[in-house]
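Enquirer: The listed protein sequences correspond, in order, to chains D and U.
Here the first sequence is numbered in the working numbering, starting from 12 and rising by one per residue.
Here the second sequence is numbered in the working numbering, starting from 411 and rising by one per residue.
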Amino acid sequence: MIEITTPDVSWIAILPELVLALGAVGVLLVEVQWKPATRVLGAISAITLVIAIFFTFLQWAQAGDALEVGGLDELVAFSGMIVMDGFAVFGRFVLLVMAGLGLLAGWRLVERLNRRGAEAIALVLLATTGFSIMVASNNLVMMFLGLEIGSISLYILAGLTEEKTKADEAAMKYFLLGSFASAIFVYGVALLYAGTGQLEILAIRQFFTEFIVTRPAVILIGLALIIVGLGFKVSAAPFHSWAPDVYQGAPSGVVGYMAAMAKIAGFLAMARILLTAVPQLDDSWLPVIAGISALSMLVGSTIALVQSDVRRLLAYSGVAHAGFILTGIVGGATTGMLFYVTVYSIQLIGAFAVVAVVSGPSSSGSSIDEYRGLARRSPALGAAFAVLLLGMAGLPLTSGFVAKFGVFSEAWANGYGWLVIVALLASVISFAFYLRVIVAMYMEETEEEGIVVSLAARWVLTIAVAGTVLAGILPAPLIDLAADAFPL
Amino acid sequence: MIVAAGWYMALAAALFVIGALGLLLRRNALVMFMCIELMLNAVNLTLISAGRALNDLNGQVAVFVVLVVAAAEVVVGLAIIVAVFRRRATASVDELSELRG
Numbered sequence: 012m013i014e015i016t017t018p019d020v021s022w023i024a025i026l027p028e029l030v031l032a033l034g035a036v037g038v039l040l041v042e043v044q045w046k047p048a049t050r051v052l053g054a055i056s057a058i059t060l061v062i063a064i065f066f067t068f069l070q071w072a073q074a075g076d077a078l079e080v081g082g083l084d085e086l087v088a089f090s091g092m093i094v095m096d097g098f099a100v101f102g103r104f105v106l107l108v109m110a111g112l113g114l115l116a117g118w119r120l121v122e123r124l125n126r127r128g129a130e131a132i133a134l135v136l137l138a139t140t141g142f143s144i145m146v147a148s149n150n151l152v153m154m155f156l157g158l159e160i161g162s163i164s165l166y167i168l169a170g171l172t173e174e175k176t177k178a179d180e181a182a183m184k185y186f187l188l189g190s191f192a193s194a195i196f197v198y199g200v201a202l203l204y205a206g207t208g209q210l211e212i213l214a215i216r217q218f219f220t221e222f223i224v225t226r227p228a229v230i231l232i233g234l235a236l237i238i239v240g241l242g243f244k245v246s247a248a249p250f251h252s253w254a255p256d257v258y259q260g261a262p263s264g265v266v267g268y269m270a271a272m273a274k275i276a277g278f279l280a281m282a283r284i285l286l287t288a289v290p291q292l293d294d295s296w297l298p299v300i301a302g303i304s305a306l307s308m309l310v311g312s313t314i315a316l317v318q319s320d321v322r323r324l325l326a327y328s329g330v331a332h333a334g335f336i337l338t339g340i341v342g343g344a345t346t347g348m349l350f351y352v353t354v355y356s357i358q359l360i361g362a363f364a365v366v367a368v369v370s371g372p373s374s375s376g377s378s379i380d381e382y383r384g385l386a387r388r389s390p391a392l393g394a395a396f397a398v399l400l401l402g403m404a405g406l407p408l409t410s411g412f413v414a415k416f417g418v419f420s421e422a423w424a425n426g427y428g429w430l431v432i433v434a435l436l437a438s439v440i441s442f443a444f445y446l447r448v449i450v451a452m453y454m455e456e457t458e459e460e461g462i463v464v465s466l467a468a469r470w471v472l473t474i475a476v477a478g479t480v481l482a483g484i485l486p487a488p489l490i491d492l493a494a495d496a497f498p499l
Numbered sequence: 411m412i413v414a415a416g417w418y419m420a421l422a423a424a425l426f427v428i429g430a431l432g433l434l435l436r437r438n439a440l441v442m443f444m445c446i447e448l449m450l451n452a453v454n455l456t457l458i459s460a461g462r463a464l465n466d467l468n469g470q471v472a473v474f475v476v477l478v479v480a481a482a483e484v485v486v487g488l489a490i491i492v493a494v495f496r497r498r499a500t501a502s503v504d505e506l507s508e509l510r511g
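Given below as structure tokens:
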């Protein structure tokens with residue numbers, strides 16, 4: 012009798028992803044077998060997300076215990092593939108909440124897709140699975156796998172409409188440039204491996220504390236390629252060219268979700284690699300990240316000034332926001348960055364929920380003319396959009412202000428005063444284009460009739476506006492959470 | 411004849427650059443897509459030769475992951491290209507210019 016000992020596996024480290032993947036498969040199977048009403052599929056996905064969020068609470072408790080007792084090794088699971096530190100759990104939690112909001116915001120698209128709605132739901136859940144693996148990975152190949160699970164799902168979502176629209180062009184551009192970025196990222200991983208002999212992030216850090224690299228060329232090129240690859244994913248300048256086209260062309264029901272997910276996961280992965288794996292090399296990467304950050308802020312906020320399409324405007328403002336978030340990484344800390352990413356992704360999903368209401372859930376393009384007099388057509392919708400835009404601009408008493416203050420003070424403390432000055436300049440410029448939309452909504456007349464806002468969209472907007480205002484007035488709880496969520 | 415691992419990595423770097431240049435210069439979506447595959451295979455070659463030089467299995471195992479990801483990308487990518495081709499009867503990305511602002 013041969014005894015086979017199974018290895019000890021700490022399943023809790025991947026429970027949220029397991030639940031999400033099962034939920035995605037479950038939605039598809041239920042659809043094939045019973046062809047239920049879309050509501051049923053929505054209920055399944057909601058239950059999936061709630062269970063997954065519940066498991067992140069368990070993980071958070073366990074990560075906290077391990078930090079107190081000192082059992083850090085227990086947080087690294089699956090032979091060093093997955094890490095369950097506060098950073099990963101916080102990121103997962105945010106991703107899951109955004110998936111829920113994204114599904115609500117895109118619910119009318121799901122209903123319109125009819126029998127293909129199940130695909131959209133399953134793809135949203137799968138993308139969430141992938142990105143959540145990405146933020147929790149301790150191994151660069153695992154990170155690549157998560158990135159691709161998420162990105163490939165998003166390529167399909169970008170083209171998923173029932174109408175013949177420009178979505179196919181958006182999907183093709185997103186696919187070609189996204190795969191290009193992924194290939195660059197994984198080549199960077201391969202070069203980093205060739206230089207250090209390690210794929211695990213914690214082992215790479217160990218490597219740099221033990222050895223002094225005399226000829227770091229291969230390692231630095233690898234690191235640069237990783238930064239470029241992730242820079243594409245988070246649409247930082249000069250790697251942002253795909254973002255406006257994709258945001259404009261993809262069905263508006265899913266754009267907010269797509270943009271938020273790619274940004275959250277991309278920034279968290281970047282912070283984990285730069286701040287956990289290669290903090291020793293910061294002489295080399297800090298100036299590069301600072302340069303990308305400054306360029307993103309300036310390019311994003313100046314080009315957004317001349318946009319006539321609200322979605323392109325939000326895309327360029329997203330480029331500027333990528334620059335603002337990168338100042339947090341330049342600051343060398345993750346607290347401000349986590350806070351910023353959280354509040355910005357809520358605003359983004361809320362803003363695109365408004366776009367989906369104004370120009371239809373499967374439309375491409377959303378000219379600023381459509382927003383003229385929006386405040387008269389639907390006062391609540393106009394007010395919600397105005398609050399979200401002001402939040403993005405960083406008006407005091409909104410979450411955007413606290414977020415910007417957080418990352419700027421981190422960068423200032425780390426000796427990057429010039430970057431903070433550029434950032435303040437870009438913030439001032441960015442007020443101009445946010446105000447342009449608000450002026451169009453409030454000051455201009457229209458003959459159009461009122462707009463009916465669907466229940467799901469109302470929920471999203473209520474949550475987004477409440478989050479933006481609450482996190483602006485009482486930011487302390489969220490900041491404390493983000494401060495506890497540091498990477499190992 | 412023994413070829414040092416460094417030469418394989420140099421070859422991989424050359425393949426990667428050819429792929430990247432092809433992606434940037436060619437205008438046919440299918441060819442661009444093949445260039446991405448070329449880049450991913452350059453990555454595989456780097457991982458294999460680095461793993462061999464370091465006497466470490468991780469690099470070789472990672473190749474399987476990259477291969478599976480490349481296969482998944484083929485499935486989605488070809489579907490998207492076919493969808494575009496059906497609507498426009500062209501696979502040239504120059505014709506794809508409806509989105510601009």
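Using N, Cα and C, we set each Cβ at its ideal position, and we do this for glycine too.
Answer with buried or exposed for U/Asn-468, where buried requires no fewer than 16 other C-beta atoms within 10 angstroms of its C-beta.
Expert: Its Cβ being crowded by 16 or more others within 10 Å, U/Asn-468 is buried.
Enquirer: Out of curiosity, what's the CA-to-CA distance linking D/Ser-193 and D/Ser-312?
Expert: The alpha-carbon atoms of D/Ser-193 and D/Ser-312 are separated by roughly 26 Å.
Enquirer: So, is the C-beta of D/Tyr-453 closer than 9 Å to a C-beta in chain U?
Expert: With 9 Å as the cut-off, D/Tyr-453 does not count as an interface residue toward chain U.
Enquirer: Can you look up D/Ser-148 in the DSSP assignment and give me helix, strand or coil?
Expert: In the structure shown, D/Ser-148 sits in a strand (DSSP, three-state: E or B).
Enquirer: For D/Ala-333, decide whether its Cβ has a neighbour in chain U, counting only Cβ atoms nearer than 9 Å.
Expert: False, the Cβ-Cβ gap to chain U never drops below 9 Å.
Enquirer: What residues from the segment 463–474 of chain U come within 7 Å of chain D, judged by C-beta to C-beta, listed N to C?
Expert: Residues Leu-464, Asp-466, Asn-468, Gly-469 and Ala-472.
Enquirer: Check distances from the C-beta atoms of the segment 424–436 of chain U to those of chain D and list, in chain order, the residues that come in under 8 Å.
Expert: Of all residues in the segment 424–436 of chain U, Phe-426, Gly-429, Ala-430 and Leu-433 have a Cβ within less than 8 Å of some Cβ in chain D.
Enquirer: Which residues of chain D have a Cβ atom closer than 8 Å to the Cβ of U/Val-486, listed in chain order?
Expert: Result: Ile-163, Tyr-166, Ile-167 and Phe-186.
Enquirer: So, D/Phe-497 versus D/Phe-219, is the Cβ gap smaller than 9 Å?
Expert: Cβ distance not < 9 Å, so D/Phe-497 and D/Phe-219 don't count as in contact.
Enquirer: Rounded to a whole number of angstroms, what is the C-alpha to C-alpha distance between D/Leu-120 and D/Gly-264?
Expert: Cα-Cα distance, rounded: 6 Å.
Enquirer: In chain order, which alpha helix (DSSP H) runs of at least 4 residues are fully inside the segment 404–479 of chain D?
Expert: DSSP runs (the alpha helix (DSSP H)) wholly in the segment 404–479 of chain D: 410–424 and 428–454.
Enquirer: Who does D/Ile-93 pair with in a DSSP beta bridge?
Expert: BP columns for D/Ile-93 point to D/Ala-88 and D/Ser-148.
Enquirer: At a cut of 8 Å, does the segment 32–52 of chain D reach the segment 66–83 of chain D through at least three beta carbon pairs?
Expert: They do not touch, by the three-pair rule.
Enquirer: Whole angstroms is fine: what's the gap from D/Leu-324's alpha carbon to D/Arg-383's?
Expert: Going by the C-alpha atoms only, they are around 16 Å apart.
Enquirer: Determine whether the beta carbon atoms of U/Ala-452 and U/Leu-477 lie at a separation below 9 Å.
Expert: Not closer than 9 Å, so no.
Enquirer: Please list, in chain order, all residues of the same chain as U/Glu-447 whose beta carbon is under 7 Å from its beta carbon, the five residues on each side excluded.
Expert: Excluding sequence neighbours, U/Glu-447 sits near Ala-480.
Enquirer: Taking buried to mean at least 16 other C-beta atoms within 10 Å of its own C-beta, is D/Met-272 buried or exposed?
Expert: Buried, because 16 or more other Cβ atoms sit within 10 Å of the Cβ of D/Met-272.
Enquirer: Which stretch, first to last residue, makes up the alpha helix (DSSP H) that contains D/Gly-242?
Expert: It spans 228–244 - the alpha helix (DSSP H) in which D/Gly-242 sits, taken as one unbroken run.
Enquirer: I'd like the list of long-range same chain contacts for D/Leu-115, defined as Cβ closer than 7 Å, with 5 residues on each side in sequence excluded.
Expert: If we look at D/Leu-115 and ignore the five residues flanking it on each side, its Cβ neighbours are Ala-467, Trp-470 and Val-471.
Enquirer: Kindly list the residues whose CB is nearer than 6 Å to the CB of D/Gly-411, restricted to its own chain and excluding five residues on each side of it in sequence; keep chain order.
Expert: Correct list, in chain order: Gly-402, Met-403 and Gly-405.
Enquirer: Within 10 angstroms of the Cβ of D/Thr-139, are there 16 or more other Cβ atoms? Answer buried if so, exposed if not.
Expert: With 16 or more other Cβ atoms within 10 Å, it is buried.
Enquirer: Following the continuous alpha helix (DSSP H) through D/Phe-118, name the residue where it begins and the one where it ends.
Expert: Residue identity check: residue 118 of chain D is Trp in the sequence provided, not Phe. Taken as a continuous stretch (DSSP letters only), the alpha helix (DSSP H) holding D/Trp-118 covers 118–123.
Enquirer: With a 10 Å radius around its C-beta and 16 neighbouring C-beta atoms as the bar for buried, classify D/Trp-22 as buried or exposed.
Expert: Exposed: under 16 other Cβ atoms inside 10 Å.
Enquirer: Can you check whether the C-beta of U/Ala-420 is within less than 9 Å of a C-beta belonging to chain D?
Expert: So, not an interface residue.
Enquirer: Check the DSSP bridge columns for D/Asp-320 and list the partner residues they point to.
Expert: According to DSSP, which records beta bridges pairwise, D/Asp-320 is partnered with D/Ser-378.
Enquirer: Taking only beta-carbon positions, decide if D/Met-183 is within less than 9 Å of chain U.
Expert: Cβ-Cβ to chain U under 9 Å: yes for D/Met-183.
Enquirer: Terminal residues of the continuous alpha helix (DSSP H) containing D/Asp-19?
Expert: Careful: D/Asp-19 lies outside any alpha helix (DSSP H) and carries neither H nor E.
Enquirer: Please confirm whether D/Ile-300 and D/Leu-279 have their CB atoms less than 9 Å apart.
Expert: Result no, Cβ atoms of D/Ile-300 and D/Leu-279 do not sit closer than 9 Å.
Enquirer: How big is the Cα-Cα spacing for D/Leu-33 and D/Val-94?
Expert: Cα to Cα, the separation comes out at about 21 Å.
Enquirer: I want to see whether chain D comes within less than 9 Å of U/Thr-456, judged by CB atoms only; does it?
Expert: With 9 Å as the cut-off, U/Thr-456 counts as an interface residue toward chain D.
Enquirer: Which residues in chain D have a C-beta closer than 8 Å to the C-beta of U/Met-442? List them in chain order.
Expert: The contacting residues are Leu-187.
Enquirer: Could you please give the first and the last residue of the uninterrupted alpha helix (DSSP H) stretch that includes D/Asp-256?
Expert: Counting along the chain, the alpha helix (DSSP H) containing D/Asp-256 begins and ends at 253–260.
Enquirer: Can at least three beta-carbon pairs, one atom from the segment 351–371 of chain D and one from the segment 424–443 of chain D, be found at a separation below 8 Å?
Expert: Contact fails: fewer than three Cβ-Cβ distances are below 8 Å.
Enquirer: Can you list, in chain order, the residues of the segment 351–376 of chain D whose Cβ is nearer than 7 Å to any Cβ on chain U?
Expert: Within the segment 351–376 of chain D, no residue has a Cβ that lies closer than 7 Å to any Cβ of chain U.
Enquirer: With 9 Å as the threshold, decide whether the Cβ of D/Gly-208 is near any Cβ in chain U.
Expert: Yes, D/Gly-208 lies at the interface with chain U (some Cβ there is under 9 Å from its Cβ).
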